[in-house]
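Position one of the sequence shown corresponds to residue 1 (UniProt numbering), numbered consecutively onward.
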Amino acid sequence: MDSVENSLLNVTPAVIHNVRKLYGLDDQRRLDEAIKILEDWIEKQPHIVKKDFAKRFLETAIITCKGSIEKAKRQIDFLCTMKTMVPKFFEKHNLKSDLKTILEKIWVIPLPQMSDDYYRLILIKTFDNELSLELILQYFQYILILAEYIRAHDYVQGFTIIIDYRDVNMFNLITRLTTPDVQPFLNVLIKGYGGRFNSLHIITESKAVEILVSTVKQLISEKLGKRIQVHKNLEELYEVVPKDLLPEEYGGKLKSYYKMQATPIASPAKKHLNWWRNSSSEKHIENLKIMSKACTDESKRNTEKFNEEYMGMPGTFRNLTVD
1 MDSVENSLLN VTPAVIHNVR KLYGLDDQRR LDEAIKILED WIEKQPHIVK KDFAKRFLET
61 AIITCKGSIE KAKRQIDFLC TMKTMVPKFF EKHNLKSDLK TILEKIWVIP LPQMSDDYYR
121 LILIKTFDNE LSLELILQYF QYILILAEYI RAHDYVQGFT IIIDYRDVNM FNLITRLTTP
181 DVQPFLNVLI KGYGGRFNSL HIITESKAVE ILVSTVKQLI SEKLGKRIQV HKNLEELYEV
241 VPKDLLPEEY GGKLKSYYKM QATPIASPAK KHLNWWRNSS SEKHIENLKI MSKACTDESK
301 RNTEKFNEEY MGMPGTFRNL TVD
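Here it is, written out as structure tokens:
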């Protein structure tokens with residue numbers, strides 16, 4: 001399979017080879033066999049509408065599942081199912097025109113330099129958390145647009161999440177977690193896109209963060225909950241996250257996050273190398289439209305094999321009859 005090199009993410013053939021090797025997939029023949037097994041399985045699933053997934057999408061499904069084909073099957077089935085259950089998460093395709101308001105309040109920036117063990121740092125900088133329910137939905141849509149981009153272009157073992165809440169009112173933020181969209185969104189991100197994170201770092205001096213962390217832990221597994229860390233300042237963050245991998249605003253060696261997010265780079269040859277433009281490119285918008293149709297036809301699902309994890313979610317499968 002051709003390697004996908006991406007300047008925003010610094011994905012190189014060496015990175016791809018080394019990540020594959022972590023899961024015993026550096027032998028191209030073995031990798032091709034695994035992808036073929038997934039293709040054949042999808043073809044035999046009458047409820048999965050889309051049959052022609054890109055080989056790279058199937059490959060990264062296997063990688064995010066640590067080489068397990070069976071887990072990759074469940075991941076693909078789950079993502080397709082969620083696109084049927086909560087289609088509103090996938091309705092927006094153009095970041096610049098459709099979600100401009102939320103971009104003025106929150107930035108989600110995958111940083112270009114990954115760690116030595118191939119974890120991608122994701123910086124979430126919140127400028128304003130006075131968010132209505134509609135803006136919260138836009139925030140979720142925004143993240144899933146980036147998740148689709150990462151699945152198409154990145155190649156990593158997992159993610160290190162850094163959330164900067166130093167400029168927000170934590171009590172206001174906590175009240176926003178009561179929206180019923182939070183749980184299904186987390187399910188889509190973690191179970192559907194394989195968003196594995198080895199650690200999640202929250203930067204804030206507010207004591208209310210304890211309530212926030214306690215609330216979030218109720219929405220995720222105990223294993224993931226133990227990976228949440230709180231830091232009062234950047235000095236504490238440096239103790240666990242390499243300083244060199246951070247933008248200059250955080251004392252690191254990377255360029256300004258303003259340039260990463262939205263400021264066009266001066267060189268004409270690189271004028272599209274920022275997240276605002278790349279995630280709103282015609283190519284990515286077209287891919288989002290195609291992948292939004294990768295859903296399920298529940299009338300064709302074998303209900304005897306229906307996965308219990310789909311049940312009990314707010315508003316799901318109201319119109320289905322499940323024996």
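Ideal Cβ placement from N, Cα and C applies to all residues, glycine included.
Worksheet entry | Of the listed residues L173, G251, C295, nearest to F127 (C-alpha basis) | Taking the first residue of the sequence shown as position 1, residue 127 is located at position 127. Measuring from the Cα of F127, the nearest candidate turns out to be L173.
Practice prompt. Run the CB neighbour count on A34, radius 10 Å, all protein chains shown included, and call it buried at 16 or more, exposed below.
Written response: Here residue 34 refers to the residue found at position 34 of the sequence shown. When all chains shown are included, A34 counts as buried.
Practice prompt. Please report how far the alpha carbon of residue 324 lies from the alpha carbon of Y155, in whole angstroms.
Written response: Nothing can be reported for residue 324: it is not among the residues displayed for the chain, which extend from 1 to 323.
Worksheet item: E43 to K73, Cα distance in whole Å?
Response: Taking the sequence shown and counting its residues from 1, the one referred to as residue 43 is at position 43. Taking the sequence shown and counting its residues from 1, the one referred to as residue 73 is at position 73. Their Cα atoms are separated by approximately 12 Å.
Practice prompt. Along the alpha helix (DSSP H) that carries I42, what are the first and last residues, could you check?
Written response: For this step, residue 42 is matched to residue 42 along the sequence shown. Per DSSP, I42 belongs to the alpha helix (DSSP H) from 28-43.
Practice prompt. Consult DSSP for Y119 and reduce its assignment to one of helix, strand or coil.
Written response: The residue labelled residue 119 in the question sits at position 119 within the sequence shown. Correct three-state label for Y119: strand.
Worksheet entry | Alpha-carbon spacing of S280 relative to T296, whole angstroms | Your numbering for residue 280 matches position 280 in the sequence shown. Your numbering for residue 296 matches position 296 in the sequence shown. Distance between the alpha carbons of S280 and T296 is about 26 Å.
Fill in: Anticipated Cβ contact below 8 Å, Y165 with T204, distance rounded
Position 165 of the sequence shown, counted from the first residue, corresponds to residue 165. Position 204 of the sequence shown, counted from the first residue, corresponds to residue 204. Sure, about 4 Å apart at Cβ, within 8 Å.
Worksheet entry | Reduced DSSP category for D164 - H, G, I as helix; E, B as strand; rest coil | Taking the sequence shown and counting its residues from 1, one reaches residue 164 at position 164. Of the three classes helix, strand and coil, the one that applies to D164 here is strand, per DSSP.
Worksheet item: Which one of G225, L135, N233, L111 has the shortest CA to CA distance from D167?
Response: Taking the sequence shown and counting its residues from 1, one reaches residue 167 at position 167. The shortest Cα separation from D167 among G225, L135, N233, L111 belongs to N233.
Worksheet entry | Length at least 4, wholly inside the segment 51-133: the alpha helix (DSSP H) runs in chain order | 55-64, 69-85, 95-98, 100-103
Worksheet entry | CA-to-CA distance, E148 to E286, given in whole angstroms | Locating residue 286 in the sequence shown gives position 286, where the first residue counts as 1. Locating residue 148 in the sequence shown gives position 148, where the first residue counts as 1. Computed Cα separation, rounded: 12 Å.
Item to complete: Going by CA-CA distance only, name the one from R20, D116, S97, N278 that's closest to T160.
Response: By one-based count along the sequence shown, residue 160 stands at place 160. The option with the nearest alpha carbon to T160 is D116.
Fill in: Spatial distance of H272 from S299 (CA atoms)
Residue 272 sits at position 272 when you count from the first residue of the sequence shown. Residue 299 sits at position 299 when you count from the first residue of the sequence shown. Summary for H272: the model assigns pLDDT 44, below 50, so the residue's position carries little reliability; its value from the coordinates is reported in the next sentence. Going by the C-alpha atoms only, they are around 43 Å apart.
Worksheet item: Using the C-alpha atoms, what's the distance from N94 back to Q113?
Response: For this step, residue 113 is matched to residue 113 along the sequence shown. For this step, residue 94 is matched to residue 94 along the sequence shown. Straight-line Cα distance between these residues: approximately 26 Å.
Practice prompt. Pick out the complete beta strand (DSSP E) segments inside the segment 207-239, 3 residues or longer, and give them in chain order.
Written response: 228-231
Worksheet item: If you draw a straight line from the C-alpha of I202 to the C-alpha of H231, how long is it?
Response: For this step, residue 202 is matched to residue 202 along the sequence shown. For this step, residue 231 is matched to residue 231 along the sequence shown. Near 6 Å, if we compare the C-alpha coordinates of H231 and I202.
Worksheet entry | For S280, the three-state DSSP class (helix, strand or coil) | If you number the sequence shown from 1, residue 280 lands on position 280. If DSSP states are grouped into helix, strand and coil, S280 belongs with coil.
Worksheet entry | Contact belief for L145 with P110 at Cβ below 8 Å, rounded distance in angstroms | Against the sequence shown, residue 145 aligns to sequence position 145. Against the sequence shown, residue 110 aligns to sequence position 110. A small correction: the amino acid at residue 145 is Ile; Leu does not occupy that position in the sequence shown. 12 Å between Cβ atoms; not a contact.
Fill in: Residue nearest to L103 in terms of C-alpha spacing, selected from T84, I136, V86
If you number the sequence shown from 1, residue 103 lands on position 103. When each option's Cα is compared against that of L103, the closest is I136.
Item to complete: Compute the Euclidean distance between the alpha carbons of P264 and S256, then round it to the nearest angstrom.
Response: Numbered from its first residue, the sequence shown carries residue 264 at position 264. Numbered from its first residue, the sequence shown carries residue 256 at position 256. Confidence in P264 is poor, its pLDDT being 37 and thus under 50, which makes the residue's placement too unreliable to answer from.
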